[in-house]
Amino acid sequence: MPVINRVSALKEEITEWRRDIHAHPEILYEVHRTAALVKDKLIEFGCDEVVPGIGRTGVVGVIRGKTNKSGRVIGMRADMDALPMQELTGLPYASKIPGAMHACGHDGHTAMLLGAAKYLAETRNFDGTAVVIFQPAEEGGAGGKAMVDDGMMDRFGVQEVYGMHTAPGLPVGAFATRPGPLLAASDRIDIAIEGVGTHAAKPHLGIDPVAIGCQLHAALQTIVARNVDPVHSAVVSVTMFHAGDAMNVIPQTARLQGTVRTLKEEIRTLVKKRMAEICDGIAKAHGAKITLTYSDGYPVTVNHEAQTHFAANVAREVSGEKAVNDNAPPVLGGEDFAYMLEARPGAFIFLGNGDTAGVHHPAYDFNDDAIPVGVSYWARLVETAMPA
Numbered sequence: 000m001p002v003i004n005r006v007s008a009l010k011e012e013i014t015e016w017r018r019d020i021h022a023h024p025e026i027l028y029e030v031h032r033t034a035a036l037v038k039d040k041l042i043e044f045g046c047d048e049v050v051p052g053i054g055r056t057g058v059v060g061v062i063r064g065k066t067n068k069s070g071r072v073i074g075m076r077a078d079m080d081a082l083p084m085q086e087l088t089g090l091p092y093a094s095k096i097p098g099a100m101h102a103c104g105h106d107g108h109t110a111m112l113l114g115a116a117k118y119l120a121e122t123r124n125f126d127g128t129a130v131v132i133f134q135p136a137e138e139g140g141a142g143g144k145a146m147v148d149d150g151m152m153d154r155f156g157v158q159e160v161y162g163m164h165t166a167p168g169l170p171v172g173a174f175a176t177r178p179g180p181l182l183a184a185s186d187r188i189d190i191a192i193e194g195v196g197t198h199a200a201k202p203h204l205g206i207d208p209v210a211i212g213c214q215l216h217a218a219l220q221t222i223v224a225r226n227v228d229p230v231h232s233a234v235v236s237v238t239m240f241h242a243g244d245a246m247n248v249i250p251q252t253a254r255l256q257g258t259v260r261t262l263k264e265e266i267r268t269l270v271k272k273r274m275a276e277i278c279d280g281i282a283k284a285h286g287a288k289i290t291l292t293y294s295d296g297y298p299v300t301v302n303h304e305a306q307t308h309f310a311a312n313v314a315r316e317v318s319g320e321k322a323v324n325d326n327a328p329p330v331l332g333g334e335d336f337a338y339m340l341e342a343r344p345g346a347f348i349f350l351g352n353g354d355t356a357g358v359h360h361p362a363y364d365f366n367d368d369a370i371p372v373g374v375s376y377w378a379r380l381v382e383t384a385m386p387a
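Number 312 in numbering that gives the first Met the number 0 belongs to position 313 of the sequence shown; there are no gaps in the numbering.
Written as structure tokens, this is what we have:
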């Protein structure tokens, strides 16, 4: 079945919500305005329960169907937070907050799930309970974990949970997903190098942390190139290198920072081990001190097989067979929906945003033409999983 007629009629209203959220981005857990808007809308729609303050600033809404013979409870999640970056779109509804921007589509995610909540609260054409989950702090703050740790799944009886994310480069109306690992574990590395500072004209009297840092950067790239089985995926990216303050001084210290992305826990463990060994070896070779701080970030986002096939079939009902790829390649980005999938079976799916700027780009904007498709997906997911 294609896009729902009632949902198409709601597009303009949902677009207004989305653009209002876009103009007022909020970072991490400080999503107070957005959470208040979500809470007020859910109350206005007539949800049976609306509970703010889950996972600090998350909001949960409960919508009961016409009947509850099945006893099933399906959770659907959207993220509310923006990124700490300056918007460069020039749009009439561009961010009004300097240094904050909805550059990852969370404004669209929130608006679409609100649209689905409105439709489901109106129609209630299902047998069971729909739980709409609006989480803070996806962008680095582990808001999904905070909501799970706050007892959300047990409190609301969630049995399965589903998530959705915009995908630039994928046509509007198209979907992509896969069973198993879909998004990567995203870890952080911070490497402090301590050498011996000296005058730049007397390098033999010091231990140069800049030269050591360059060698270390090159050596770290051999982990993926020469230690990880080529049929598996891993990324080691050094994204910051700080050293020195003067042109004629070899500094005492240098610092490298970056990220590691992996799709399997055994590869994650291997990368950690080799990174520690390389740091130790290079430190000994140069007589320097190297301290590696490896911080685990979000775990791998692992889709459950049965729920993934179900989600893909729902997407086909909305967009047609040819518009759904249920064997899409994994993405090495990270996603804290992983914590919810560790707590309950479910699936994460990508929704096409068209030929637009990529996520985390200052020119990115969520494509409002995707709204009817995304809202229809949420609605059909509930109605198909829990038929009245």
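In this text, a Cβ means the ideal position worked out from N, Cα and C, and glycines have one as well.
Owing to the predicted nature of the structure, the values given are computational and were not obtained by experimental measurement.
* **Residues near Met151 in its chain [Cβ-Cβ closer than 8 Å; skip 5 each side]** => Ile53, Gly54, Gly57, Val59, Ile132, Val157
* Reduced DSSP secondary structure (H/G/I, E/B, other) of Phe155 -> coil
* Identify the continuous alpha helix (DSSP H) that holds His308 and give its terminal residues. => 304-318
* Ser294 versus Ile3: straight-line alpha-carbon distance, rounded -> 45 Å
* In whole angstroms, what separates the C-alpha of Phe240 from that of Gly212? -> 8 Å
* If we count the other Cβ atoms within 10 Å of its Cβ and call it buried at 16 or more, is Gln306 buried or exposed? -> buried
* **Segment contact flag, the stretch 247-258 with the stretch 190-209, C-beta cutoff 8 Å, min 3 pairs** => yes
* Could you pull out every residue in the same chain whose Cβ sits closer than 7 Å to the Cβ of Asp106, ignoring the five residues on either side in sequence? => Arg17, Ile20, His21, Phe365
* Asked: Out of curiosity, what's the CA-to-CA distance linking Gly296 and Phe349?
  -> 22 Å
* **Ordered list of beta strand (DSSP E) runs contained in the stretch 86-140, each at least 3 residues** => 128-134
* Asked: Relative to the C-alpha of Ala327, which residue among Val171, Val160, Leu182, Ala369 is closest?
  -> Leu182
* Is the CB-CB distance between Ile400 and Leu113 below 8 Å? -> Limits of the chain in this structure are 0 at one end and 387 at the other, which puts residue 400 out of reach.
* Asked: Which runs of the alpha helix (DSSP H) fall wholly inside the stretch 166-247 and span at least 4 residues, in chain order?
  -> 208-221
* **Residue interval of the alpha helix (DSSP H) (run including Ala34)** => 31-44
* **Cβ-Cβ distance between Thr122 and Asp325 below 8 Å** => no
* Pick from Asp78, Tyr376, Thr238: whose alpha carbon is nearest that of Pro24? -> Asp78
* Output the boundary residues of the alpha helix (DSSP H) element that contains Phe349. => Careful: Phe349 lies outside any alpha helix (DSSP H), inside the beta strand (DSSP E) at 345-353.
* Asked: Nearest CA to the CA of Ser7: which residue from Glu341, Tyr118, Asp207, Thr300?
  -> Tyr118
* Asked: Any contact of the stretch 270-289 with the stretch 216-225, i.e. 3+ C-beta pairs under 8 Å?
  -> yes
* Take Gly357 as the anchor and find which of Gly332, Ala384, Pro386, Ala145 has the nearest alpha-carbon. => Gly332
* Could you pull the start and end residues of the alpha helix (DSSP H) that Glu48 belongs to? => Note, Glu48: premise wrong, no alpha helix (DSSP H); beta strand (DSSP E) at 48-53.
* To do: With Tyr293 as the anchor, note down where its beta strand (DSSP E) starts and where it stops.
  => 288-297
* Asked: Under 7 Å from any heavy atom of the ligand PLP, does the C-beta of Val58 make it?
  -> Among the components of this structure there are no ligands whatsoever, and the ligand PLP is therefore not found.
* Asked: For Ala8, does the three-state DSSP call read helix, strand or coil?
  -> helix
* Should Lys201 be labelled buried (16 or more other beta-carbon atoms within 10 Å of its own) or exposed? -> exposed
* **The beta strand (DSSP E) enclosing Thr261, as first and last residue numbers** => 252-261
* Does the separation of the CB atoms of Val209 and Val235 fall below 8 Å? -> no
* Inter-residue CB distance, Val72 and Val130 (contact presumed, cutoff 8 Å) -> 6 Å
* Asked: Between which two residues does the beta strand (DSSP E) carrying Arg76 extend?
  -> 72-78
* **DSSP beta-bridge partners of Thr66** => Asp126
* Which first and last residues belong to the alpha helix (DSSP H) in which His23 is found? -> Note, His23: premise wrong, no alpha helix (DSSP H); not H, not E.
* Asked: According to the neighbour-count rule (16 or more other Cβ atoms, all chains shown, within 10 Å of its Cβ), is Ala405 buried or exposed?
  -> Given that the chain is displayed from residue 0 to residue 387, the structure contains no residue 405 and the question cannot be resolved.
* Asked: Run through DSSP, which three-state label would Ile249 get?
  -> strand
* Measure the CB-CB distance between Pro371 and Ala102 and report whether it falls below 8 Å. => no
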